[in-house]
Amino acid sequence: MSRGAAAAAMAMFLATLATPGVLRAVVVLDSSIGGVRVGMTKREVRETLGKPFVAYDYRRHHLRVLFFARPAVVEVITTSRAERLANGVGVGTSVTELRRKIPHLRRQTFDGLLYVHRPHGITRPSTLFAIRHGRVAQINVVDG
71 MSRGAAAAAM
81 AMFLATLATP
91 GVLRAVVVLD
101 SSIGGVRVGM
111 TKREVRETLG
121 KPFVAYDYRR
131 HHLRVLFFAR
141 PAVVEVITTS
151 RAERLANGVG
161 VGTSVTELRR
171 KIPHLRRQTF
181 DGLLYVHRPH
191 GITRPSTLFA
201 IRHGRVAQIN
211 VVDG
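With the first letter of the sequence shown counted as 1, position 41 gets the number 111 in our numbering; the numbers rise by one all the way through.
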């Protein structure tokens with residue numbers, strides 16, 4: 071690869087890092103998805119993600135933000151493969167890898183198989199991993 075092509079490739083890579091939504095492609099266990107954390111106000115969510123597609127459905131960011139008639143976020147949901155924990159776990163991760171990388175998950179059945187990370191009991195946010203066909207299909211961060 072020529073120096074010019076390498077420089078152009080690096081410039082394109084750095085430009086994608088500066089693109090809104092790319093830096094926020096992070097799941098923080100029991101806290102947030104894509105920069106939206108449980109407890110944020112509607113105004114804070116709009117400042118973080120911009121205007122929603124419909125209500126609080128952010129299709130560009132592959133996020134759904136739920137308030138349930140409360141003034142603050144009670145649940146953030148993603149089905150995007152771009153949203154990942156620091157250890158690489160995200161949508162598409164196998165159950166085997168999920169259980170290896172996140173110890174102390176509780177297995178539950180509710181409208182399908184779920185693995186729940188709830189280290190703080192029911193008074194703090196928890197992370198739910200919905201499983202379909204042996205892989206993570208959806209990640210939810212839920213209040214309590």
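The beta carbon of each residue, even a glycine, is placed where N, CA and C say it ideally should be.
In this structure R107 is buried. Its beta-carbon is surrounded by 16 or more other beta-carbon atoms within 10 angstroms.
Here DSSP, grouped into helix, strand and coil, assigns H132 to coil. Membership of E167 in the alpha helix (DSSP H) is indicated by the continuous run 165–171. Rounded to the nearest angstrom, the Cβ distance from T149 to A207 is 7 Å, consistent with a contact under 8 Å. When DSSP states are grouped into helix, strand and coil, L119 belongs to the helix group. DSSP links S101 through a beta bridge to no other residue. Residue nearest to I209 within the set G162, D181, H203, H174 is G162 (criterion: CA-CA distance). Rounded to whole angstroms, H203 and T197 show a C-alpha spacing of 19 Å. In the three-state reduction of the DSSP assignment, R194 falls in the coil class.
Each of L168, A200, K171, H174 was checked against the Cα of F180, and the nearest Cα belongs to A200. A distance below 8 Å separates the beta carbons of K171 and V159. Bridge partners of Y185 according to DSSP: R177, F199.
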